[in-house]
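Novice: Taken in order, these protein sequences are the chains called R and D. For the first sequence, position 119 (counting from the first letter as 1) is numbered 125 according to the working numbering, and the numbering increases by one without interruption. For the second sequence, position 88 (counting from the first letter as 1) is numbered 138 according to the working numbering, and the numbering increases by one without interruption. What follows is a structure written as structure tokens; I'll ask about it next.
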Amino acid sequence: MVWAFWGASALAVAGALATILARGPIRSALALLVTILGLAALFVLLDAHLLAAIQVIVYAGAVVVLFVFVIMVLGPAAEPSGPGGRALVARGLSVIALGWIGWRIVRALWAAERAADVPDGFGTTVAVADSIFGPFLVPFELVSILLLVAVVGAIALARAKHAAGGPS
Amino acid sequence: MIGLGHYLALSGVLFTIGAIGFTTRRNVLVALMSIEIMLNAVNLAFVAANRFRPENHAGQTIAFFTIAIAAAEAAVGLAIVVSLFRVKKTVRSDEADAMRG
């Protein structure tokens, strides 16, 4: 159990670092996949089996594939090459500032402890569905509307303009 | 023994990596992936907090909503990237300067 946690978290952190450090976006997308699978393993360790399955299906199966698809559509232009050192100071400052804030947060969170007795049926599909379709029914319906709006908006944004002369 | 603190600290580490990636990378695609890392870190915190307070499933339910919203965000964000590429022929965020004063 302990080794599973450290293995999965090492996988997640290594994937996240590779995502932001990789040269090309396609490598970033594959590193993001590693992070997502590591987090799915952590969800299993946390007895959230349904969420682990959703994580793999929605993130690995839909979001990463969408990223890869867009990278393929854009072609070589998705990998811009050019002078990168222009704002080196700003980037270094943001790394230092965010790293310091993150370090303080991690140090504060590290001390959190709680007893962990898991009742029967925790994290099963039935239990999570009872929560979603019980106290969270209204947010669930709002999320469905949000997804519909997002799909319509994505199509409206990405569709080619056929009428010439429109505002670009 | 792995406790709640370990999971929350890991969540903080992942969120920090995502925030640094978002502010330092110029490629819009990588910036969007950094946002996904941050959303995943928050999800881990929700699920871990739910595991160590298992009277109800509020944390897992909110993590479920976060996954749905992240999918919508990725769809709209990538549509914006495609739209930007159509206008500017680039995916570098510092060349999207149409609103520069």
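Idealized CB from N, CA, C, for every residue including glycine. Predicted, not measured: the structure shown is a model, and the values here were computed from it.
Starting from the Cα of Val141 of chain D, find the closest Cα among R:Leu56, R:Gly30, R:Ser100 and give me that residue.
Specialist: Answer by Cα proximity: R:Gly30.
Novice: Counting only beta-carbon atoms, is Val95 of chain R nearer than 9 angstroms to chain A?
Specialist: Structure shown: chain A not included; protein chains present are R and D.
Novice: Whole angstroms is fine: what's the gap from Pro124 of chain R's alpha carbon to Leu104 of chain R's?
Specialist: Reading the sequence as shown, one finds Val at residue 124 of chain R and not Pro. Distance between the alpha carbons of Val124 of chain R and Leu104 of chain R is about 35 angstroms.
Novice: Can you tell which of R:Val95, R:Trp106, R:Gly81 has its C-alpha closest to the C-alpha of Lys139 of chain D?
Specialist: Checking every option, the nearest Cα to that of Lys139 of chain D belongs to R:Gly81.
Novice: What's the C-alpha gap between Leu153 of chain R and Ile161 of chain R?
Specialist: Going by the C-alpha atoms only, they are around 12 angstroms apart.
Novice: DSSP three-state label for Leu60 of chain D, please.
Specialist: In this structure, Leu60 of chain D counts as helix in the three-state DSSP scheme.
Novice: How would you list, in chain order, the residues of chain R whose beta-carbon sits under 8 angstroms from the beta-carbon of Ser84 of chain D?
Specialist: Near Ser84 of chain D (Cβ distances below 8 angstroms), the residues of chain R are Thr25, Ile26.
Novice: Would you mind listing the alpha helix (DSSP H) stretches within the segment 104-130 of chain R that are 4+ residues and don't spill past its ends, in chain order?
Specialist: With a minimum length of 4 residues, no continuous alpha helix (DSSP H) run stays inside the segment 104-130 of chain R.
Novice: Which one or two residues does DSSP pair with Arg142 of chain D in a beta bridge?
Specialist: For Arg142 of chain D, which the question treats as bridged, DSSP gives the partners D:Asn77.
Novice: Mind checking if Met149 of chain D is an interface residue toward chain R, Cβ cutoff 9 angstroms exclusive?
Specialist: Chain R contact via Cβ: absent.
Novice: Please tell me whether Pro104 of chain D and Phe128 of chain R are closer than 9 angstroms, where the distance is taken between their beta carbons.
Specialist: Yes, the Cβ-Cβ distance between Pro104 of chain D and Phe128 of chain R is below 9 angstroms.
Novice: Name the residue from R:Val69, R:Ala47, R:Ala54, R:Thr41 whose alpha carbon lies nearest to the alpha carbon of Ala121 of chain D.
Specialist: Nearest option by C-alpha distance: R:Val69.
Novice: Go to Leu163 of chain R, then tell me how far its alpha helix (DSSP H) extends in each direction, as first and last residue.
Specialist: Note, Leu163 of chain R: alpha helix (DSSP H), 143-164.
Novice: Could you list which residues in chain D have their beta carbon closer than 7 angstroms to that of Ala84 of chain R, in chain order?
Specialist: By Cβ distance, chain D contributes Leu79, Val141.
Novice: Could you give the C-beta distance for Arg97 of chain R and Thr74 of chain D, rounded to a whole number, given that I count them as a contact under 8 angstroms?
Specialist: The pair is a contact, with the Cβ atoms about 5 angstroms apart (cut-off 8 angstroms).
Novice: Where does Ala114 of chain R land, buried or exposed, given buried means 16+ other C-beta within 10 angstroms?
Specialist: Under this definition Ala114 of chain R is an exposed residue.
Novice: Counting only C-beta atoms, is Val112 of chain R closer than 9 angstroms to chain D at any point?
Specialist: It does: the Cβ of Val112 of chain R has a partner Cβ on chain D nearer than 9 angstroms.
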